[in-house]
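In what follows, a single structure is set out as structure tokens and then discussed.
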Amino acid sequence: MIHDFSEKEIFLIDDEIGILEVISDIITTHLDIKIKQFNSPLKALEQLSKGVCPNLILVDIKMPKMNGLEFIEKVNKLKIKKPIIVISGHAEKSEAVECLKLGAYHLLDKPVTFEILIHTILQALTLEEVFVLNEKLTEEKEILINLFKQFLEKSEERVFEIENVVLEKTKIIQEDNVLLKNFIEKINECNELDREIVKTYKDISKLMKKQNTMLNKNISQEFLESKVIQFRKNI
71 MIHDFSEKEI FLIDDEIGIL EVISDIITTH LDIKIKQFNS PLKALEQLSK GVCPNLILVD
131 IKMPKMNGLE FIEKVNKLKI KKPIIVISGH AEKSEAVECL KLGAYHLLDK PVTFEILIHT
191 ILQALTLEEV FVLNEKLTEE KEILINLFKQ FLEKSEERVF EIENVVLEKT KIIQEDNVLL
251 KNFIEKINEC NELDREIVKT YKDISKLMKK QNTMLNKNIS QEFLESKVIQ FRKNI
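Next up, the structure:
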């Protein structure tokens, strides 16, 4: 087994229970990941509409009541931005192409080998991780921008107070201790903002480093190398 995705989950959707079991067994043999099986896309949509969102969705194209194309349209309406892998037969090629146009990540033809299936899943999970990191990075950038705005506002106040102290310091110190106390409190507020800005900047740097690591990681090569090693051991 390679890659620990124990905190991640896949929605596997196919109207044939036997196929669900086979694909699920193939995936869990090679990946440490949770799989939730659905023999109906309607049941999967029910979970998605409740906010239960997996890291990846695998869906068959040909199913009764709702096909894969209609399923992806429904997922898009729920504004769920997770990779979707479509599994299709040759007779369903035109529908499968439409799924790709709707934003499906990849198309797999039946019968699919375990190497191609695992490879595609690994690539999709990597894409999902990069997307999540991008979202976090965007959030952190917004926090940093807001902190800078607050910092500038506080700095302007501090500069104004410093000017007053320089011009009237003797009077203020002797006659108005409250004003001096307020001035010191404002300096402390600025210092707190300074610390928050530094912390946020460090968080952004960590996210960017992780993002670059994910983008540069050759998962397919890693997978194939592990299989070669396993094969040699079995000889």
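In my numbering, each number is its position in the sequence shown, counted from 1, plus 70. Every residue gets a Cβ at the ideal spot worked out from N, C-alpha and C, and that includes glycine.
{"Asked": "Relative to the alpha-carbon of D273, which residue among L207, K78, F75 has its alpha-carbon at the smallest distance?", "Found": "L207"}
{"Asked": "Over what stretch of residues does the beta strand (DSSP E) that includes L101 continue unbroken?", "Found": "101-108"}
{"Asked": "Using the Cβ count rule (16 or more neighbours within 10 Å means buried), how would you classify F108?", "Found": "buried"}
{"Asked": "Smallest Cα separation from I97: which of E209, I188, C123?", "Found": "I188"}
{"Asked": "Is it buried or exposed, I299, if we count other Cβ atoms within 10 angstroms and call 16 or more buried?", "Found": "Confidence at I299 is low in this model, with a pLDDT of 48, below 50, so its placement is unreliable and the value that follows should be read with caution. I299 should be labelled exposed."}
{"Asked": "How should L128 be labelled, buried or exposed, when 16 other C-beta atoms within 10 angstroms of its C-beta is the threshold for buried?", "Found": "buried"}
{"Asked": "Where does the unbroken alpha helix (DSSP H) through V145 begin, and where does it stop?", "Found": "138-147"}
{"Asked": "Take D179 as the anchor and find which of C169, L172, L170, K163 has the nearest alpha-carbon.", "Found": "K163"}
{"Asked": "Tell me which residue opens and which closes the beta strand (DSSP E) that V156 is part of.", "Found": "154-158"}
{"Asked": "Quick check on DSSP: helix, strand or coil for D84?", "Found": "coil"}
{"Asked": "State the Cα-Cα distance for the pair L82 and K151, rounded to the nearest angstrom.", "Found": "16 Å"}
{"Asked": "Within a Cβ cutoff of 8 Å, which residues of the same chain sit near K135, ignoring the five residues on either side of it in sequence?", "Found": "S110, P111, L112"}
{"Asked": "Going by other Cβ atoms of all chains shown within 10 Å of its Cβ, with 16 needed for buried, is E210 buried or exposed?", "Found": "buried"}
{"Asked": "Which class does L172 belong to by DSSP, given the choice of helix, strand or coil?", "Found": "coil"}
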